[in-house]
Amino acid sequence: MIPHDKLFTPGPVEVSEKTLAAFARPMIGHRGEDFKNLYGAIHPRLQELFGTRQPVFLSTSSAWGVMEAAIRNLVRQRVLCCMCGAFSDNWLEVARRCGKEAEPLQVEWGQAIDHKAIDAQLASGKFDTVTLIHNETSTGVMNPLPEICCTLAKYPEVALIVDSVSSFSAVPIPMDAYQIDVLLTGSQKALALPPGFALFSVSEKAFSRAAQASDRGYYLDFLEFKKQQEGGMTPTTPSIGHIYALQSKLDDIFAEGLTNRYERHARTNALVHEWVRARGFEFFAAEGRRALTLTCVKNSRGIDVARLVRDLREKHHLVIDGGYGKLKGLTFRLSNMGDETEQTVAYLLRCLDDCLG
Ligand SMILES: Cc1ncc(COP(=O)(O)O)c(C=O)c1O
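Okay, so the sequence shown: first residue is 831 according to the numbering used here, each after it adds one.
Given below as structure tokens:
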């Protein structure tokens, strides 16, 4: 591997040599048998990973492409945006820019979304769609998806769009059992692929919504994806390199086993949590609502976060994040997602100790 600074940021994350080799494979045409075979070979494993019998789509866009598309394909008139951090807050603005009426269900950063608050909003009958970010990467909060999905089940006329960008494949999210209408993720988080690619699946309810939406565009029209997937293809020229890298990663994921993978993420996350407590720091995310793939550490010791980030990079060639947006300097974020193990996370923590002195 070319010498480089290793990313422990909560996306993008370190990409393995094996994945990079797959990413750099010679090209194939995307309208021929080779591509159909490639997509066909990975599709059943993608469905297993998504916990769905619905088709899984490959989008040559980052996650935001699909987040915006879900609004355009699904929202009839008014969407309730569950907001608890930078990414979920921004979804409201995106919905409004798509010409939809969007209302916030806002909680303080660091807190999780309460399913009872969603229930109270939906009882008004005003909303046809809900957006939710499962793992709010900016604050390190994991929202209680099972409870929220149970609440949504009371409102069959409301569609649920879930962003699982920083939890997908590290935490089980059975899309069909949870009755999620759009489940989407990005490539550069727990899947540990290069950035710039997204995956998503769409329920039957969401397809019928899309069929009624007159302004869903072309590039990310869910019905185009459906039609093309039936023939083993994507609507437009896809990033073939990403799909080869995904194939290689799926080999790794299923060789490890899904349960082992979920448990590995839980163990490496627990190591980070122990370190946070032992070093006298606090957590930014509320107790019981903390992500399993990253930790947003509250700078309760008043350290110079920018200096820590710089020293770690200069001395140890490791990169962490010094806080997202308005949390810059007030927090720092450590990722344990992707291919990280107890050994590699323990090494990161030792290097942090070295820099903290
Ligand atoms: C939870 C979440 N959603 C959405 C995004 C946006 O992803 P992208 O910039 O790849 O479109 C991110 C990026 O970090 C994220 O963490």
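Note that CB positions come from ideal geometry on N, CA and C, so glycine has one too.
It should be emphasised that the depicted structure is a prediction, and the values quoted were computed from it without experimental measurement.
With respect to Lys1079, Ala852 sits close: the two C-beta atoms are nearer than 9 Å. For Val1139, the enclosing alpha helix (DSSP H) covers residues Val1135 to His1146.
Here DSSP, grouped into helix, strand and coil, assigns Leu910 to strand. When secondary structure is reduced to three states using DSSP, Phe865 falls in the helix class. Distance between Val992 and Val909, taken at the CA atoms: about 13 Å. Between Cys912 and Asn973, the CB-CB gap stays under 9 Å. Between the alpha carbons of Phe1113 and Glu878 lies a distance of about 33 Å. For Ile963, the uninterrupted beta strand (DSSP E) run begins and ends at Thr959 to Ile963, by DSSP.
Comparing alpha carbon positions, the residue from Thr1123, Glu1093 and Leu1186 closest to Arg1140 is Leu1186.
Residue side-chain check: Ser889 keeps its Cβ at 8 Å or more from all non-hydrogen atoms of ligand 1.
Annotation: Lys1158 to Ser1044 spans about 41 Å, alpha carbon to alpha carbon.
Using a Cβ distance threshold of 9 Å, Leu1050 and Val905 do not count as a contacting pair.
Between Lys946 and the set Leu922, Thr981, Glu933 and Asn965, the nearest pair of CA atoms involves Thr981.
Looking only at Ser892, Asn1166, Phe1030 and Lys984, the smallest Cα-Cα distance to Leu1013 is reached by Phe1030. The continuous alpha helix (DSSP H) containing Ala1041 extends over residues Glu1034 to Gln1042.
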